[in-house]
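Asks: Numbering (the working numbering), first residue to last: 198 to 332. Every residue, glycine too, gets a C-beta built ideally from N, C-alpha and C. I have a structure I would like to understand better, so I am pasting it below and will then ask my questions one at a time.
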């Protein structure tokens with residue numbers, strides 16, 4: 198049975214392996230004052246866990262959810278710098294990618310979905326949703 202912490206670790210390691218990866222603000226962590234734009238905000242959203250085995254068989258727990266990585270950039274410099282960063286993030290997680298984790302495998306189920314950018318105070322944010330299955 199794959200453990201949730203192993204899913205987070207496998208996805209996070211793949212993200213930071215991106216060439217010229219900016220600073221990352223991980224879930225349950227505050228952004229240090231030393232981190233400047235552009236940077237990434239990461240959250241693993243767990244959707245469901247289910248036992249996919251037949252009754253009486255070996256347990257096969259599957260977990261699905263998505264990694265949300267938000268590219269945070271400057272306001273008033275157009276949207277495309279953050280959109281380019283979002284494209285690079287999406288390129289790290291092609292559909293069908295399999296990531297080894299200590300207790301199982303994480304599979305990227307679809308092409309990442311780059312969402313509409315939005316203003317957040319002094320920031321411009323572009324979220325990228327990366328759907329996964331893990332078992």
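Taking the beta carbon of residue 315 as the centre, do at least 16 other beta carbons fall within 10 Å, making it buried, or is it exposed?
Replies: Per the 10 Å Cβ criterion, exposed.
Asks: Hey, out of 317, 219, 235 and 264, whose CA is closest to residue 303's CA?
Replies: Selected option, being the one with the closest Cα: 264.
Asks: Within 10 angstroms of the Cβ of residue 269, are there 16 or more other Cβ atoms? Answer buried if so, exposed if not.
Replies: With 16 or more other Cβ atoms within 10 Å, it is buried.
Asks: Closest to residue 331 by CA distance: which of 300, 323 and 217 is it?
Replies: Comparing Cα-Cα distances from residue 331 to each of 300, 323 and 217, the minimum goes to 300.
Asks: Do the CB positions of residue 287 and residue 325 come within less than 8 Å of each other?
Replies: It is a contact, given that the beta carbons lie within the stated cut-off.
Asks: Given a threshold of 16 other Cβ atoms within 10 Å of its Cβ, counted over all protein chains shown, does residue 207 qualify as buried or as exposed?
Replies: Buried, since its Cβ has 16 or more Cβ neighbours within 10 Å.
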